[in-house]
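The block underneath contains the structure these notes are about, expressed in structure tokens.
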Amino acid sequence: MTATEPPSVSRLAALAAAIHFGFDSACRLSQATTPAYLLTPFMKEVFRDMLEMLGLTAISAVTSGVNGLIAAIFATALAGVAVHRAAKLGALLSFIWLLTSGLTFTSYLDAPAELVATSLAAGLPRAALLAWALDRLMARPPTGQPATDQAPA
59 MTATEPPSVS RLAALAAAIH FGFDSACRLS QATTPAYLLT PFMKEVFRDM LEMLGLTAIS
119 AVTSGVNGLI AAIFATALAG VAVHRAAKLG ALLSFIWLLT SGLTFTSYLD APAELVATSL
179 AAGLPRAALL AWALDRLMAR PPTGQPATDQ APA
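Spelled out as structure tokens, the structure:
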């Protein structure tokens, strides 16, 4: 890949999905760090029955693929950013994690507040690692050209 060639969304999505799946697998070892979409014991009965029929590994695999694609799309959108790209991507992915997980907790789950807090917080290192890894795969904007995230002088 040259410095001007855009990153492959499929390559970024595959890496991000693998990271998501790895975090899901590790975080499931403790209920306190389990992502909201895998906390079936706290789901309303209709959702719990449907998702438990599929199995947590299948749910994790599908969710990791979707989340990986979303992360790759955001990373690609920030490909031209030269200054603090990983930090900006990390902030964006953290916001998306907190928003979607928070909405899952409020809409589908009846979990204790402590569990909500620890589950949400456990997603922040995931977002940071995703941002770092995706940033490393993407080419840097060419030098000598103004970055898209800076105002003209």
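Residue numbers for the sequence shown follow the working numbering, beginning at 59 and rising by one. The beta-carbon is built from N, C-alpha and C at its ideal position, and this holds for glycine as well.
Host alpha helix (DSSP H) of residue i (start-end)
i: residue 95; result: Premise fails: residue 95 is in no alpha helix (DSSP H) and is neither H nor E.
i: residue 83; result: 67-85
i: residue 146; result: 143-166
Cβ-Cβ separation, residue j to residue i (assumed contact under 8 Å), whole Å
i: residue 122; j: residue 75; result: 5 Å
i: residue 70; j: residue 133; result: 5 Å
i: residue 185; j: residue 160; result: 14 Å between Cβ atoms; not a contact.
i: residue 72; j: residue 126; result: 7 Å
i: residue 96; j: residue 106; result: Not confirmed; about 11 Å, so no contact.
i: residue 94; j: residue 162; result: 4 Å
i: residue 109; j: residue 101; result: 7 Å
When the options are compared against residue i, the one with the closest alpha-carbon
i: residue 168; options: 72, 79, 116, 98; result: 98
i: residue 67; options: 174, 136, 104; result: 136
i: residue 146; options: 90, 96, 189; result: 189
i: residue 195; options: 172, 178, 81, 129; result: 129
i: residue 92; options: 138, 80, 102; result: 80
i: residue 82; options: 111, 117, 170; result: 117
i: residue 166; options: 77, 104, 119; result: 104
i: residue 180; options: 156, 193, 162; result: 156
i: residue 174; options: 85, 143, 90; result: 90
i: residue 193; options: 119, 142, 102; result: 142
Residue i, DSSP secondary structure in three states
i: residue 182; result: helix
i: residue 111; result: helix
i: residue 176; result: helix
i: residue 59; result: The pLDDT assigned to residue 59 is 49, lower than 50, so where the model puts this residue is not dependable, and the model offers no usable value.
i: residue 211; result: Any reading at residue 211 must be qualified, since the residue scores a pLDDT of 49, below 50, and its modelled position is unreliable; no value is offered.
> Any contact of the region 173-188 with the region 152-159, i.e. 3+ C-beta pairs under 8 Å?
Replying inline: Three or more Cβ pairs drawn from the region 173-188 and the region 152-159 lie within less than 8 Å of each other, which places the two stretches in contact.
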